Amino acid sequence: MTCDDYYQATDAAAAFMRLRLEELAATATAATSGEWLPLDDGVQSADNESEWPVSETVSAVDRQDREHIVLNNPRTVLASVAADRRLLDTYEQAGSVAQPDPANTGYLDGIAHAVRCRAAAWAKHPDYKQEWRP
Numbered sequence: 004m005t006c007d008d009y010y011q012a013t014d015a016a017a018a019f020m021r022l023r024l025e026e027l028a029a030t031a032t033a034a035t036s037g038e039w040l041p042l043d044d045g046v047q048s049a050d051n052e053s054e055w056p057v058s059e060t061v062s063a064v065d066r067q068d069r070e071h072i073v074l075n076n077p078r079t080v081l082a083s084v085a086a087d088r089r090l091l092d093t094y095e096q097a098g099s100v101a102q103p104d105p106a107n108t109g110y111l112d113g114i115a116h117a118v119r120c121r122a123a124a125w126a127k128h129p130d131y132k133q134e135w136r137p
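Shown next as C-alpha cells:
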C-alpha cells in the first residue's frame with residue numbers, strides 16, 4: 004500500500020467513524036441524561052428522577068451488568084464521542100497541510116494509526132473495511 008493509499012483509506016475510516024459517532028451521540032442524547040447509579044435490582048439516574056428495574060434475565064447475570072450500564076451512562080458516552088471527534092479533527096487538520104514538513108510525518112502517521120485503532124471498535128459493522136485495520 005502506497006503512502007497515498009494509506010491516507011486515503013484512513014480518510015475513509017475517519018468518515019466511517021464520524022457516522023458511528025453521530026449514531027452514538029444520538030442514542031446517548033435520547034437517553035436519560037446525567038450519571039446513573041446501580042441499585043440492587045436495577046439502575047437509577049443520579050438526580051433520582053428515573054429508575055429502571057433490571058429484567059429477570061439481566062438481574063440473573065448479576066451486578067456486573069448493572070455496573071456496566073452505569074459506567075456507560077449518557078454523560079460518559081458523550082464525553083467519549085467528544086474525545087474521538089477531537090482526534091478526527093486533529094487528523095484532518097494534520098492531513099490538510101499541503102506540503103508537510105518531512106520532520107513531522109511521524110506526527111501524521113501516529114494520528115492516522117490512532118484513527119484506525121479507534122475505528123476498529125466497529126470492526127463488526129457491515130460498512131467497516133478490513134483495509135482500515137491498524
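If you count the sequence shown from 1, you need to add 3 to reach this note's numbering. Note that CB positions come from ideal geometry on N, CA and C, so glycine has one too. Because the structure is a prediction, the values reported are computed rather than measured.
| Item | Value |
| --- | --- |
| Taking the alpha-carbon of L22 as reference, which of D112, N75, P41, V84 has the nearest alpha-carbon? | V84 |
| Which one or two residues does DSSP pair with L40 in a beta bridge? | Q47 |
| Are I16 and V118 touching if we call contact CB-CB under 8 angstroms? | Before going on, a small fix: residue 16 reads as Ala here, not Ile. Yes, Cβ-Cβ distance for A16 and V118 is below 8 angstroms. |
| Using CA coordinates, which residue listed in L111, L42, L27, R69 is at the minimum distance from R78? | L27 |
| Leaving out five residues before and five after Y131 in sequence, what residues of the same chain have Cβ atoms less than 6 angstroms from its Cβ? | W125 |
| In angstroms with no decimal places, state the Cα-to-Cα distance between A33 and A82. | 15 angstroms |
| For S83, does the three-state DSSP call read helix, strand or coil? | helix |
| Starting from Q133, follow the alpha helix (DSSP H) in both directions and report where the run begins and ends. | Looking at the DSSP string, Q133 is not in any alpha helix (DSSP H), and its letter there is neither H nor E. |
| Along the chain, where does the alpha helix (DSSP H) that runs through A29 open and close? | 6-33 |
| Starting from A115, trace the alpha helix (DSSP H) both ways and give me its first and last residue. | 108-122 |
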